[in-house]
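These notes concern the structure reproduced below.
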Amino acid sequence: MMQSFNPATDTVLGEFPICDAGTIEHRLRTAAGSQQAWARLEVCQRTPYLLQVAAVLRRRKDELARTMTLEMGKPLAESLGEIEKCAWNFEYYAQQGETFLADQVVASAATDSRIVYDPLGLVLAVMPWNYPFWQVMRAAAPVLVGGNGMVLKHASNVPQCALALEQVFKEAGLPEGLFTTLLVESSAVRGLIEDDRIAAVTFTGSTPVGRSIAAQAGQALKKQVLELGGSDPFIVLADADIEAAAAVAVKARFSNTGQSCISSKRFIVEAAAADRFTEAFVAGARKLVVGDPLQAGTTIGAMARRKLRDELHAQVVASVREGARVLIGGQPQEGPGAFYPPTILDQVTPDMTAAREETFGPAAAILRVSSVDQAIAVANDSPFGLGAALWTRDLDRARQLTRRIDAGAVFVNGMVASDPRLPFGGTKQSGYGRELGHLGLHEFMNIKTVWTGPART
Ligand code: NAP
Numbered sequence: 112m113m114q115s116f117n118p119a120t121d122t123v124l125g126e127f128p129i130c131d132a133g134t135i136e137h138r139l140r141t142a143a144g145s146q147q148a149w150a151r152l153e154v155c156q157r158t159p160y161l162l163q164v165a166a167v168l169r170r171r172k173d174e175l176a177r178t179m180t181l182e183m184g185k186p187l188a189e190s191l192g193e194i195e196k197c198a199w200n201f202e203y204y205a206q207q208g209e210t211f212l213a214d215q216v217v218a219s220a221a222t223d224s225r226i227v228y229d230p231l232g233l234v235l236a237v238m239p240w241n242y243p244f245w246q247v248m249r250a251a252a253p254v255l256v257g258g259n260g261m262v263l264k265h266a267s268n269v270p271q272c273a274l275a276l277e278q279v280f281k282e283a284g285l286p287e288g289l290f291t292t293l294l295v296e297s298s299a300v301r302g303l304i305e306d307d308r309i310a311a312v313t314f315t316g317s318t319p320v321g322r323s324i325a326a327q328a329g330q331a332l333k334k335q336v337l338e339l340g341g342s343d344p345f346i347v348l349a350d351a352d353i354e355a356a357a358a359v360a361v362k363a364r365f366s367n368t369g370q371s372c373i374s375s376k377r378f379i380v381e382a383a384a385a386d387r388f389t390e391a392f393v394a395g396a397r398k399l400v401v402g403d404p405l406q407a408g409t410t411i412g413a414m415a416r417r418k419l420r421d422e423l424h425a426q427v428v429a430s431v432r433e434g435a436r437v438l439i440g441g442q443p444q445e446g447p448g449a450f451y452p453p454t455i456l457d458q459v460t461p462d463m464t465a466a467r468e469e470t471f472g473p474a475a476a477i478l479r480v481s482s483v484d485q486a487i488a489v490a491n492d493s494p495f496g497l498g499a500a501l502w503t504r505d506l507d508r509a510r511q512l513t514r515r516i517d518a519g520a521v522f523v524n525g526m527v528a529s530d531p532r533l534p535f536g537g538t539k540q541s542g543y544g545r546e547l548g549h550l551g552l553h554e555f556m557n558i559k560t561v562w563t564g565p566a567r568t
């Protein structure tokens with residue numbers, strides 16, 4: 112059985128049967144059949160279904176958000192925002208699908224030569240719990256509008272979200288099984304990747320697991336997109352609007368209780384602005400409210416599992432042992448629930464645990480640097496390369512600096528966030544491939560050249 116557990120109260124919410132081999136076989140067969148019929152539809156025949164998905168999400172928003180909060184502890188207001196974003200994503204691909212998938216005529220020696228986009232088939236999605244709806248739905252909308260189907264293996268701690276997602280597609284009237292949830296453990300993933308009915312894999316999660324899934328997909332020669340961990344820098348140069356930077360820094364680090372791949376984790380601040388930034392950042396973090404995630408006004412909920420809180424605390428303790436200074440927080444909250452207070456570490460250096468490892472929870476590391484060049488060097492001194500924020504009033508300099516930062520996205524004077532209109536993904540150990548935008552959509556299409564003669568001389 113797969114357990115649904117409330118990390119804010121330490122209570123079991125329910126247990127759900129794990130799919131046996133017969134169920135997996137039946138469900139894959141159904142999914143494959145539905146996908147073949149779906150692929151034959153014109154894009155304009157698919158898009159109304161996407162709009163229906165958005166409508167169902169909006170109609171059931173309160174209930175779905177509550178399920179999410181109960182299972183993984185994020186504040187309810189954030190869960191509601193997440194459902195809204197999923198609905199927007201489906202509307203966006205409904206609106207843009209035909210444009211993104213239109214044939215592209217390319218002049219050549221042919222009478223007519225063009226690029227056409229055909230679906231690959233069933234895409235296996237192996238997904239994490241931190242945004243239990245968004246991670247899945249940001250991958251699903253482009254995959255489905257392109258004529259593919261999706262088989263979801265969700266994280267084991269969010270089985271109710273996984274089942275609710277399948278239910279949303281059913282209610283929206285999509286062909287049976289076109290979006291299928293399989294409640295399986297991670298040991299079942301290899302078999303799914305090897306199954307002939309799975310054409311490709313999209314994985315969002317940690318770097319070590321991504322490496323293993325990439326190896327399996329590589330062995331099976333199946334296309335893969337990997338969205339992995341991050342330790343995003345938030346660079347504040349001396350000429351930045353410090354108050355604005357500090358206000359955004361609070362959101363960038365502590366939203367989703369700090370459990371986001373694109374949370375800013377390393378705050379790299381030029382010495383001349385460091386005291387002012389630190390003071391404002393700490394003042395903003397002090398205003399956060401830790402507590403019952405269902406309660407209005409709570410801004411920091413429970414972490415998703417006690418083990419994750421213990422791991423975060425161990426990283427904080429190690430960093431302090433290495434010389435970091437705790438400005439606020441730093442001790443897990445006693446009593447039931449996996450609560451950890453907003454924590455800010457100052458005097459962190461690039462060799463310390465909080466700078467080297469991904470900290471997946473509400474703990475920020477401030478690294479003070481003496482120049483712009485050092486800021487960029489420290490930002491790039493990480494195995495990860497997901498997102499980066501850069502704060503400066505000098506936009507000409509910013510434009511040059513963005514090209515020197517090793518990351519899949521650089522946000523100038525703003526907070527890194529995913530957006531259906533813009534490609535999202537990483538470099539280095541943060542993965543490869545892109546989601547979202549037209550480039551994300553094309554990842555799971557067969558980009559086919561069609562050449563029609565006779566050749567012109
Ligand atoms: P995780 O442990 O890698 O798990 C992610 C998914 O992989 C879950 O469905 C998990 O299933 C499955 N899994 C675990 N071990 C596996 C194995 N050996 N073989 C096949 N599948 C396996 O990651 P997490 O702790 O849930 O999520 C946090 C990580 O995800 C962080 O590193 C974060 O930065 C990253 N993340 C990245 C992005 C991005 O877009 N780049 C977005 C969100 C999160 P079980 O639950 O059954 O183990």
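112 is the number of the first residue of the sequence shown in my numbering; add one for each residue after it. Every residue gets a Cβ at the ideal spot worked out from N, C-alpha and C, and that includes glycine. Quick caveat, the model's predicted, so the values are computed rather than measured.
Asked                                                                                                            : Found
Residue range of the unbroken beta strand (DSSP E) whose run includes S115                                       : 113 to 117
Residues that DSSP places opposite I477 in a beta bridge                                                         : F378
L276 CB to nearest heavy atom of ligand 1 below 7 Å                                                              : no
Residues that DSSP places opposite V227 in a beta bridge                                                         : K559
Close-in-space but distant-in-sequence residues of the same chain around C155 (CB under 7 Å, 5 per side omitted) : E209
CB-CB length for A384 against A349, believed under 8 Å                                                           : 5 Å
Beta-carbon gap between D462 and L438 smaller than 8 Å                                                           : no
Alpha-carbon to alpha-carbon, L161 and D307                                                                      : 27 Å
Pair within 8 Å by beta-carbon distance, E381 and V347                                                           : yes
Span separating the alpha-carbon of R177 from that of P186                                                       : 9 Å
Q146 beta carbon near ligand 1 (any heavy atom closer than 7 Å)                                                  : no
Collapsed DSSP secondary structure at Y204 in the structure displayed                                            : helix
Member of R140, N200, E153 whose CA lies at the smallest distance from the CA of L168                            : N200
Candidates L419, G369, V361: closest to R397 by CA position                                                      : V361
Where V401 falls, given that 16 or more other Cβ within 10 Å makes a residue buried                              : buried
Cβ contact check for the stretch 267 to 284 and the stretch 221 to 237: 3 or more pairs under 8 Å                : no
C-alpha distance - L285 paired with M261, whole-angstrom precision                                               : 12 Å
Straight-line Cα distance separating R249 from C197                                                              : 7 Å
Proximity to L468 [Cα-Cα], best of S375, A218, W562                                                              : The sequence given here has Glu at residue 468, not Leu. Minimum Cα distance to E468 is reached at S375.
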